[in-house]
Structures are given as C-alpha cells and as structure tokens.
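Down below is the structure, laid out as structure tokens.
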Ligand code: NAD
Ligand code: TDX
C-alpha cells in the first residue's frame, strides 16, 4: 500500500506516521506537509529514513494531483487546528481546512483513490455539563468557532463528494487528543511546559469545561481500523470515555509534578467556549472491534509529562512565541 499522509509533521499526523512505520512496515509512506508554525520536521526525525517527505501546501492543486496519482490511500490530517488562533484570524482556517480539503477531494475523485478524512467532535457543538447524552453519528452539526465550522464544512464536502461523485471516503470525528509531539499552544502541553518553566498553569473561565481525552496512539489505532475495515461512505466517532474537566486536569498535572494542587491562575474565558464534549464510540467498537489501550488517564498523563521533560529541545523553540501570543490575549 502506498499511503499519502497530509499534515504528517503535526501532532497527530507524526504519531500516526511513527505508528505506521512500526506496525505496518510494508506500507510506503509519503508525508505532504507545509511545515506551518504547527509542523515540525523534527517530529519525523525518528522515522526519516523510512518515509518520503514532500514540503508543500494542500491547496497547491498541481502538487496534490501529482502526489495523489502515486498513492493508493490518502489520510488527511493537515489542518489549522487551534481554536484560539481561529478567533484571532479565521482566514487560514477557511483556506486550509475548506479549500485544502476541496483540493484533495478533487484529486482523489480524478484518480479513484481511497480517502480517509480526519475530523473532530467539535463539529457537533457542545453539551450541557449535566446532560447524560453523548455525541453519536446522528447528532446534528452545530459548530461554535471558526475552527470547528471550517472542519464541519470540510466534512460536508467529503459527504457530498462521496454521494455525488462516488469518492471512496470515510470520515472520523475524534475527541481531544494528548500525548507526545503536541504543540505547546494546546492545553495539556502548555500547562506541563509552564510548570517546567516555573509559570503557573492558566485555566480559562472557571475551569469547569469538560473535554473527552484520548491518547493519540488510540486515535491512530482507530484510524488504522477504519482504513482496513471501515465501510465506505460511513462516519465513525472515536473516543475513549475520557471525560475530565479542565480544573481536574490541571490539578493532576500539578500533583504529578510535585506542585501544590491549587498553584494555578484563572484567566479570562475563550469567547464562545464550548462547555462539554463527550463521544459515544459504540459504532467503532461494535463494527470494527476497536478498543483503546490507554484507558488510565493518570498513567498516560504521567508518561506525557515525562516526554515533555525529556524532550525540551523539541518544544523550547516554540514556547516564547506561543506565550507572547497568549499574553496579547490576556490569557
Ligand atoms: P497540528 O496543528 O498539530 O498539525 C497540523 C499539521 O498540518 C502541521 O504539521 C501543519 O504544518 C500542517 N498543515 C497546516 N496547514 C497546511 C497546509 N495548508 N498544507 C499542508 N500542511 C498543512 O494538528 P493536530 O492536532 O495534529 O490535528 C490533526 C488533525 O486532527 C486535524 O485535522 C484536526 O482537526 C484533527 N483533530 C485534532 C484533535 C486534537 O485533539 N488535536 C482532535 C480531533 C481531531
Ligand atoms: O491555556 C489554556 N487554558 C485552558 O483552560 C488553554 C490553551 C486551553 N484551555 C481550555 C480550553 C478548552 O476547554 O482547555 C480545553 C482544551 O483546550 P485546547 O487544547 O485549545 O483544545 P480544544 O479547544 O478543546 O480543541 C482541541 O480538541 C479538538 C484541539 O485543539 C482541536 O484541534 C480538536 O479538534
């Protein structure tokens, strides 16, 4: 199998490439990545000799056509991925998430290539804190932010290209990922690296917002299950029953790093901040026999703290610029 991975130098994409090289050595991997502020070739250094890397933009139709023509399967991770950035400047989100996905869909349509689309649970909007419901594949789309609305738009393009043009597509919508190689702008790495730097963790609003955490390795094993056994045209929700409120996560980071559990600051809230996400992954489990391996969040978080502690050279170059952006937002 010749596999084209877009966004393979980002957080989830690079972990996916590592897992693929390790567990599917027969697969020929090509990564297409523009190396934006969020992409880092260092994340692929451990597998550099086993893959082909193409630096380029998913909105470049000629490049995309050439790479897709040489692939049997495309897995599309590339995106602008950070909600706070989408509130400061939505344009790159429209460009990459919508025009980029359109460009890939046109190429896989021309070449008859199998396509898997990586998306997020944020397309469903949010749930009340006390609502027993979780998101299912039938939940109506109701995105809140420029980020999630452009992801929702890209999902709808995929559905239309599958139905009207017969594109051989599947979609997955996953909950919040954590693990190694995640940019320090995101919640968990930001707080871990703050603690390493002697800065108090920052909680938006009251800290009561709930996210449904899944280890990135579990997300990627689910993606592989869908590539191998997923039904064409279907949407699969990926989640590992990892609901936690942000305050509990920060307190656990503080405890695991030997700090007082109340050594954090409450800062101004994110506009439009989604209250709660929760995934019901029954379809993935029942149909494809998938199950997560990292169900103990405390252990997974401790391993992630160890990774950031041991890999300061990976995240340090991004830290000051990231905190400067947050300082401008007063967060
Ligand atoms: P990330 O920001 O860490 O990585 C994105 C990668 O895409 C980077 O390497 C970047 O250089 C590349 N990229 C951005 N624009 C590009 C363009 N125009 N052309 C080519 N490459 C470009 O993101 P992530 O957290 O790894 O997310 C990957 C995917 O998973 C996204 O589609 C995101 O919506 C989805 N997702 C993320 C999470 C999460 O918790 N992080 C959860 C569910 C779904
Ligand atoms: O410093 C912070 N303090 C804080 O309280 C940051 C950076 C975040 N937060 C809160 C906001 C959210 O409730 O923590 C939660 C997680 O924030 P993010 O890491 O920015 O993630 P989120 O907005 O939930 O979106 C993530 O999950 C779904 C990914 O960034 C998306 O790409 C994915 O689609």
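In this note's numbering, the protein residues as written are 501 to 831.
All C-beta atoms in this analysis are idealised placements derived from N, C-alpha and C, irrespective of residue type, glycine included.
Straight-line gap, residue i to residue j (C-alpha atoms, nearest Å)
i           : j           : result
residue 710 : residue 508 : 28 Å
residue 764 : residue 566 : 50 Å
residue 745 : residue 699 : 21 Å
residue 752 : residue 639 : 32 Å
residue 712 : residue 651 : 18 Å
residue 510 : residue 720 : 13 Å
residue 642 : residue 811 : 38 Å
residue 618 : residue 690 : 24 Å
residue 569 : residue 829 : 43 Å
residue 669 : residue 798 : 35 Å
residue 676 : residue 707 : 16 Å
residue 571 : residue 614 : 9 Å
residue 827 : residue 524 : 43 Å
residue 748 : residue 629 : 14 Å
residue 551 : residue 503 : 10 Å
residue 773 : residue 526 : 43 Å
residue 787 : residue 817 : 43 Å
residue 776 : residue 627 : 5 Å
residue 702 : residue 664 : 46 Å
residue 647 : residue 528 : 31 Å
residue 443 : residue 505 : Nothing about residue 443 can be reported from this structure: the residues present for the chain run from 501 to 831 only.
residue 673 : residue 592 : 21 Å
residue 573 : residue 678 : 26 Å
Opposing strand residues paired with residue i [DSSP bridges]
i           : result
residue 704 : 767
residue 551 : 529
residue 506 : 532, 576
residue 738 : 674
residue 732 : None, per the DSSP bridge assignment.
residue 711 : 744
Cutoff 8 Å: residue i Cβ touching any chain B Cβ
i           : result
residue 520 : No chain B appears in this structure, which consists of one protein chain only.
| message | Tell me whether the segment 572-582 and the segment 629-639 touch, counting them as touching only if at least three CB pairs, one residue from each stretch, are closer than 8 Å. | response | At 8 Å Cβ cutoff, the stretches do not touch.
| So, do the segment 738-751 and the segment 551-565 have three or more beta carbon pairs nearer to each other than 8 Å? | In short, these stretches do not touch, since the Cβ pair count stays below three.
| Do three or more CB pairs link the segment 669-682 to the segment 804-817 at distances below 8 Å? | Verdict: yes, contact present.
| message | I'd like to know if the segment 723-735 and the segment 764-781 are in contact, where contact means that at least 3 CB-CB pairs between them fall below 8 Å. | response | Flag = no, the segment 723-735 and the segment 764-781 do not touch.
| message | With a threshold of 8 Å, are at least 3 pairs of Cβ atoms found where one atom belongs to the segment 511-518 and the other to the segment 538-546? | response | Short answer: they touch.
| What are the start and end residues of each continuous beta strand (DSSP E) run of 3 or more residues lying completely inside the segment 611-677, in chain order? | Segments of the beta strand (DSSP E) lying fully in the segment 611-677: 614-620, 669-674.
| query | So does the segment 594-602 actually touch the segment 650-669, counting three or more Cβ pairs closer than 8 Å? | reply | The segment 594-602 makes contact with the segment 650-669: 3 or more CB pairs, one atom from each, lie closer than 8 Å.
| request: Taking 8 Å as the threshold, find out whether the segment 608-625 comes into contact with the segment 756-770 through three or more Cβ pairs. | output: Between the segment 608-625 and the segment 756-770, the count of Cβ pairs shorter than 8 Å is below three; the stretches do not touch.
| message | Just to confirm the assignment: which complete beta strand (DSSP E) runs, minimum length 3, are found wholly within the segment 749-807? | response | The qualifying runs are 765-767.
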